[in-house]
Amino acid sequence: TYCKAIQEHCENAKRKVHVVNLDPAAEHFEYSVAFDIRDLISLEDVMEELEYGPNGGLVYCMEYLLENIDWLKDELDNYDDDEYLIFDCPGQVELYSHIPVMKEVLGHLKMWGYRPA
Numbered sequence: 804t805y806c807k808a809i810q811e812h813c814e815n816a817k818r819k820v821h822v823v824n825l826d827p828a829a830e831h832f833e834y835s836v837a838f839d840i841r842d843l844i845s846l847e848d849v850m851e852e853l854e855y856g857p858n859g860g861l862v863y864c865m866e867y868l869l870e871n872i873d874w875l876k877d878e879l880d881n882y883d884d885d886e887y888l889i890f891d892c893p894g895q896v897e898l899y900s901h902i903p904v905m906k907e908v909l910g911h912l913k914m915w916g917y918r919p920a
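Residues in the sequence shown are numbered consecutively from 804, following my numbering.
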């Protein structure tokens with residue numbers, strides 16, 4: 804995957820790098836994960852408990868992340884300024900084009916001094 808390739812590239816360049824999973828539907832990783840949104844909320848749990856479908860459940864999970872954005876800030880505070888963070892995000896286009904959830908997450912990252920690229 805892209806995250807694995809970038810993580811390996813950074814490690815080969817002797818840079819400190821961590822991958823953050825922000826995809827509540829992710830199940831298997833080909834790379835080590837620094838922290839995982841599924842520790843806060845998972846798509847599987849939302850679908851089971853709220854009887855949502857995959858798309859509605861994913862939207863719910865990401866909105867839940869925004870409602871609990873301090874969780875993300877607390878997790879990020881465990882890393883130093885000289886460490887690179889790679890965010891593995893959901894691939895559903897609706898989260899970027901129809902609702903502002905990912906734009907708002909990026910806004911918080913910028914507000915906290917991160918430079919998302």
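Built from N, CA and C at the ideal position, the CB exists for glycine as well.
| Check | Outcome |
| --- | --- |
| Determine whether the beta carbon atoms of LEU853 and ILE840 lie at a separation below 8 Å. | no |
| Have a look at ALA837 and ARG818 and give me their C-alpha separation to the nearest angstrom. | 15 Å |
| How is VAL896 classed by DSSP in three states: helix, strand or coil? | coil |
| Express the C-alpha separation of MET905 and ASP884 in angstroms, rounding to a whole number. | 23 Å |
| Between the C-alpha atoms of LEU888 and TYR834, what's the straight-line distance to the nearest angstrom? | 13 Å |
| Please report the distance separating the alpha-carbon of GLU866 from that of GLU886. | 27 Å |
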